[in-house]
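Okay, so here's the structure we're looking at.
Residue numbers (the numbering used here): 171 to 303.
Rendered as structure tokens:
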């Protein structure tokens, strides 16, 4: 999946520590999609390029630390529930401009197995819970 999105190097974190797989200050972007509270740490700041490295996370950074290792926090965006924005996103999906990656679809009565799969942290894409009757 990530290779199809243009990544130069794929690291299987179940087999190797990602920091050991890259050189110091050689990474353009760290995408933290695992909601790890410790992600903006010495490791991320050490591998990011000093002047242009970017750290992108879906986790709010409650207490951003001063970047002691060369990286800097540019800002953050918090998204709030909005029917208008959801309608706009739906339009992007319908037109093909936004292509969500679906890992699996569960019916509502399969909620517990869906949650268990989510807890494994080995999901590639989104887990969909279908509310259809």
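Even glycine gets a Cβ: it sits at the ideal position worked out from N, Cα and C.
Quick caveat, the model's predicted, so the values are computed rather than measured.
With a cut-off of 8 Å on the beta carbons, I'd call residue i and residue j a contact; round off their distance for me.
i           : j           : result
residue 277 : residue 292 : Rounded, the Cβ-Cβ distance is 21 Å, inconsistent with contact.
residue 225 : residue 200 : 5 Å
residue 172 : residue 189 : Contact flag wrong, Cβ pair sits at about 17 Å.
residue 262 : residue 256 : Rounded, the Cβ-Cβ distance is 11 Å, inconsistent with contact.
Can you tell me which of the options puts its alpha carbon nearest to the alpha carbon of residue i?
i           : options               : result
residue 192 : 268, 287, 178 and 202 : 178
residue 183 : 202, 297 and 284      : 202
residue 279 : 223, 302, 259 and 212 : 302
residue 196 : 187, 255 and 215      : 215
Between which two residues does the alpha helix (DSSP H) holding residue i run?
i           : result
residue 225 : Segment 224 to 227 is the beta strand (DSSP E) holding residue 225; no alpha helix (DSSP H) there.
residue 217 : 212 to 217
residue 260 : 253 to 265
From what residue to what residue does the beta strand (DSSP E) around residue i run?
i           : result
residue 300 : 296 to 300
residue 197 : Run containing residue 197: none; DSSP gives neither H nor E here.
residue 249 : Per DSSP, residue 249 belongs to no beta strand (DSSP E) and is neither H nor E.
What's the C-alpha gap between residue i and residue j?
i           : j           : result
residue 219 : residue 298 : 36 Å
residue 270 : residue 295 : 8 Å
residue 251 : residue 259 : 12 Å
Give every residue of the same chain whose Cβ lies closer than 7 Å to the Cβ of residue i, excluding the five residues on either side of it in the sequence, and list them in chain order.
i           : result
residue 273 : 293, 294, 295, 296 and 297
residue 213 : 189
residue 275 : 298 and 300
residue 283 : 276
Report all residues from its chain with a CB closer than 8 Å to the CB of residue i; omit the five preceding and five following residues, and keep chain order.
i           : result
residue 222 : 198
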